[in-house]
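K.L.:
In this note's numbering, the protein residues as written are 5 to 325. Yeah, the Cβ is synthetic: ideal placement off N, Cα and C, and Gly gets one too. Note that the structure is predicted; figures quoted are calculated from it, not measured. Please read through the structure below; I'll follow up with questions.
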């Protein structure tokens, strides 16, 4: 729902903290009735959401465990059904759940878990994650991670045609075209993946400068500092103001400096003029840049295409130029 879009990060953080704290409460037998009811409602909610996303093919990756463990929507729905099964067992056997410790210790443990989870949430938003599970973690050679082995399985793709029939969009395969309903009106054509082939860990990283592909050129450089700002209009203003000073320092140390963004050419031109950027501003897919690092901006040091350091804009002074 568009209404909640501005609050997605806060909602996600709240749900993660809630799940962990409820898990701790369950393990130590803290307020069993409240805990079991809360877990039951939470699992029912997520079962509905994962079924909806799986049945209607809303997303390809459920994101339950982030980049640490990838699950398809149907796998995630199956996981929720298993959890629901065990939660129901606990629900009908609440009388057997007893506190492990005295009330005072129980309260301290729950409060400690809440504080710790909140601190970790604050930390990973304002700094880098404690553990980076993404394809662009330190030590990764981006070019090698984009390679596809010669014997890798290929995708099976079917061409699908969309026609409007009685006011409703319907999909037809090439075989169906010979028997289209009368009055069908062509709307669109798309390629539908029937079997997904091999996808390299990094498959959408392409850097363009004024329409020219500069990806390999940057990989070939000994020292590069990439400023990653997936959306310039949402980037931290104070961090943007300091970029020219950072550029001068990096340039003096022999670094190529380039800003990577998913913003439009018009926005890039406006920001170059506003902040008087003296470095290249390259276009890259915004989703790929968010995978590199969610901080906007963040900073990545490359050595011949290998990531040797990443920092949040709050930690820019930690860059080892």
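Check whether the Cβ atoms of residue 98 and residue 34 lie closer than 8 angstroms to each other.
P.N.:
Contact flag unset, no.
K.L.:
Please say whether residue 235 and residue 300 have beta carbons closer to each other than 8 angstroms?
P.N.:
Contact: yes.
K.L.:
Thinking residue 48 and residue 88 are a contact (beta carbons under 8 angstroms), I'd like their distance in whole angstroms, please.
P.N.:
7 angstroms between Cβ atoms; contact.
K.L.:
Grouping DSSP H, G and I as helix and E and B as strand, with all else coil, what is residue 288?
P.N.:
Note: residue 288 maps to coil in three-state DSSP.
K.L.:
Take residue 306 as the anchor and find which of 129, 270, 18 and 226 has the nearest alpha-carbon.
P.N.:
Here the closest residue by C-alpha is 226.
K.L.:
Taking the runs of the beta strand (DSSP E) that are 3 residues or longer, which of them lie wholly in the stretch 134-213?
P.N.:
Listed in chain order, the complete beta strand (DSSP E) runs (minimum 3 residues) inside the stretch 134-213 are 160-169, 172-177 and 189-199.
K.L.:
Please name the residue, chosen from 46, 64 and 130, that lies closest to residue 315 on a Cα-to-Cα basis.
P.N.:
Nearest option by C-alpha distance: 130.
K.L.:
Looking only at DSSP bridge pairs, what is residue 294 linked to?
P.N.:
None, per the DSSP bridge assignment.
K.L.:
What do you get for residue 96, buried or exposed, if any count of 16 or more other CB atoms within 10 angstroms of its CB means buried?
P.N.:
Counting Cβ neighbours within 10 Å, residue 96 comes out exposed, since fewer than 16 surround it.
K.L.:
Tell me the rounded alpha-carbon separation between residue 154 and residue 148.
P.N.:
When rounded, the distance between both Cα atoms is 14 angstroms.
K.L.:
Write down every uninterrupted run of the alpha helix (DSSP H) in the stretch 23-79 whose length is 4 residues or greater and which is fully enclosed by it, in chain order.
P.N.:
Here the runs fully enclosed are 36-59.
K.L.:
Residue 40: buried (16+ other C-beta within 10 angstroms of its C-beta) or exposed?
P.N.:
Flag for residue 40 reads buried.
K.L.:
For residue 24 and residue 141, I'd like the C-alpha separation in whole angstroms.
P.N.:
Taking the straight line joining both Cα atoms gives about 25 angstroms.
K.L.:
Measuring alpha carbon to alpha carbon, tell me which residue in 64, 246, 203 and 104 is nearest residue 28.
P.N.:
Cα-wise, what sits closest to residue 28 is 104.
K.L.:
Using a threshold of 8 angstroms, state whether the C-beta atoms of residue 264 and residue 311 are closer than that.
P.N.:
Going by C-beta atoms, residue 264 is not nearer than 8 angstroms to residue 311.
K.L.:
Assuming residue 241 and residue 251 form a contact by the criterion Cβ under 8 angstroms, report the distance between their Cβ atoms to the nearest whole angstrom.
P.N.:
About 17 angstroms; that fails the 8 angstroms criterion.
K.L.:
Could you tell me which uninterrupted alpha helix (DSSP H) segments, each at least 4 residues in length, are contained entirely in the stretch 103-134, listed from first to last along the chain?
P.N.:
As far as the stretch 103-134 is concerned, its whole alpha helix (DSSP H) runs of at least 4 residues are 107-130.
K.L.:
Compute the Euclidean distance between the alpha carbons of residue 323 and residue 211, then round it to the nearest angstrom.
P.N.:
If you take the alpha carbons of residue 323 and residue 211, they lie about 23 angstroms apart.
K.L.:
Which residue's Cα is closest to the Cα of residue 74: 219, 59, 20 and 205?
P.N.:
Residue 74 has its Cα closest to that of 205, out of 219, 59, 20 and 205.
K.L.:
Figure out for me which residue from 8, 107, 7 and 209 has the closest Cα to the Cα of residue 1.
P.N.:
Residue 1 lies beyond the range of the chain shown here (5 to 325); nothing can be said about it.
K.L.:
Measure the alpha-carbon distance for residue 36 versus residue 101 and round it to whole angstroms.
P.N.:
Their Cα atoms are separated by approximately 7 angstroms.
K.L.:
Residue 123 and residue 81 look like a contact to me (Cβ under 8 angstroms); what is the Cβ gap, rounded to whole Å?
P.N.:
The Cβ separation is near 32 angstroms, so there is no contact.
K.L.:
Counting C-beta neighbours from all protein chains within 10 Å, is the total for residue 92 16 or more, i.e. buried, or is it exposed?
P.N.:
Flag for residue 92 reads exposed.
K.L.:
I'd like to know whether the C-beta atoms of residue 77 and residue 57 end up nearer to each other than 8 angstroms.
P.N.:
Result yes, Cβ atoms of residue 77 and residue 57 sit closer than 8 angstroms.
K.L.:
Output yes or no for whether 8 angstroms exceeds the beta carbon distance between residue 202 and residue 157.
P.N.:
Yes.
K.L.:
Hey, how far is the Cα of residue 181 from the Cα of residue 163?
P.N.:
Roughly 11 angstroms between the two C-alpha positions.
K.L.:
Just how far apart, CA to CA, sit residue 187 and residue 282?
P.N.:
Using only the alpha carbons, I get a separation of about 58 angstroms.
K.L.:
Hey, residue 272 and residue 288: beta-carbon distance below 8 angstroms or not?
P.N.:
No, Cβ-Cβ distance for residue 272 and residue 288 is not below 8 angstroms.
K.L.:
Under the assumption that residue 112 contacts residue 161 (Cβ atoms under 8 angstroms), give the Cβ distance between them as a whole number of angstroms.
P.N.:
Incorrect: roughly 57 angstroms between the Cβ atoms, too far for contact.
K.L.:
Mind checking residue 222: buried by the 16 CB within 10 Å criterion, or exposed?
P.N.:
By the 10 Å Cβ count, residue 222 comes out buried.
K.L.:
Taking the alpha carbon of residue 85 as the point to measure from, which residue in 114, 53 and 106 has its own alpha carbon closest?
P.N.:
The option with the nearest alpha carbon to residue 85 is 53.
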